[in-house]
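*Asks:* Each residue of the sequence shown is one higher than the last, beginning at 35 in the numbering used here. A single structure is presented below for examination.
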Amino acid sequence: MDHLSYKTKSARKEDVQHDWYIIDAEGEVVGRLCTKIAHVLRGKHKPSYTPHVDCGDNVIVINAHKVRFTGSKTEQKEYVRYSGYPGGQKKATPADLLVKKPEAIIENAVRGMLPKTKLGRAMFKKLFVYADSEHPHVAQKPQTLELK
């Protein structure tokens with residue numbers, strides 16, 4: 035047989051359509067929520083997924099201050115960051131971040147699940163996290179994404 039009866043179609047940047055989804059994070063477990071978000075941001079939920087093309091959709095997350103952790107992670111887990119200067123290492127627990135900046139919890143988790151490349155940074159820019167239920171993306175007419 036000298037010809038294929040099928041061909042694998044690769045998506046092109048020009049052909050990809052980016053949809054908008056909204057996710058309500060109220061009462062959701064952080065890790066399970068963020069894996070679903072990373073899955074949609076990468077575009078793996080689409081049949082036309084291509085690894086080297088940004089096929090993913092835009093994701094809006096609301097009620098980020100109402101996420102939950104299992105076990106005793108709110109007191110024991112630590113988010114470590116470093117300024118680059120001697121003595122510049124700072125640590126924060128999820129309980130601290132939920133009070134000061136609840137968006138950072140979801141953003142850090144999703145960023146860790148995306149590729150560490152230019153493509154991964156482009157995918158991360160399509161994530162919009164808000165602490166409460168208000169968001170400025172009403173004009174995009176986002177569809178509700180059910181996680182279960």
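Virtual Cβ for every residue (Gly too), placed ideally from N, Cα, C.
(1) Using CA atoms only, rank isn't needed, just tell me which of Glu-137, Tyr-55 and Trp-54 is closest to Lys-100.
(2) Compare the C-alpha of Val-95 against each of Gly-61, Lys-43, Asp-130 and Tyr-40 and name the closest.
(3) Any idea what DSSP makes of Thr-108, helix, strand or coil?
(4) What is the DSSP secondary structure of Gln-51, counted as helix, strand or coil?
(5) Can you look up Lys-124 in the DSSP assignment and give me helix, strand or coil?
(6) Pick from Leu-67, Tyr-164, Ala-126 and Lys-159: whose alpha carbon is nearest that of Tyr-116?
(7) Three or more C-beta pairs under 8 Å: does that hold for the segment 81-98 against the segment 45-54?
*Replies:* Straight from the coordinates:
(1) Glu-137
(2) Gly-61
(3) helix
(4) coil
(5) strand
(6) Ala-126
(7) yes
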